[in-house]
Amino acid sequence: MKLSKVTMILRGYSYEQVKPVAEVLLDSRYVRNMEITLNTEGAYEIIRKIAAEFQGKLNIGAGTVQTYEELLKAV
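Heads up, the sequence shown is in our numbering, so the first residue is 1169 and it goes up one at a time.
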């Protein structure tokens, strides 16, 4: 996977909206990191699905993590 210093942050988007963004990032020369904020409805499920579909191709992370419990749930 290419090294990337840029992270795409997505807040408030559904899985159906996030997936096409991830697909576009596959063709990007500079962006390989995507963050889904936990204050997005269904964030954990979106993170799980996108991480599974783009494993080894994009770095998918959780944002707006405020507690240790949220951290554990997001991993």
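Backbone N, C-alpha and C fix where the C-beta goes; we use that ideal spot for every residue, glycine too.
Keep in mind it's a predicted model, so treat the numbers as computed, not measured.
| query | Rounded to whole angstroms, how far is the Cβ of residue 1206 from the Cβ of residue 1233, which I believe are closer than 8 Å? | reply | 6 Å
| query | Rounded to the nearest angstrom, how far is the Cβ of residue 1200 from that of residue 1226, given a contact under 8 Å? | reply | 6 Å
| field | residue 1216 in three-state terms, based on DSSP | value | helix
| Which residues bound the beta strand (DSSP E) around residue 1178? | 1174-1178
| request: Can you give me the start and stop residues for the alpha helix (DSSP H) that residue 1199 sits inside? | output: Element bounds for residue 1199: not the alpha helix (DSSP H) but the beta strand (DSSP E), 1199-1205.
| query | Counting along the chain, where does the beta strand (DSSP E) carrying residue 1229 start and finish? | reply | 1227-1231
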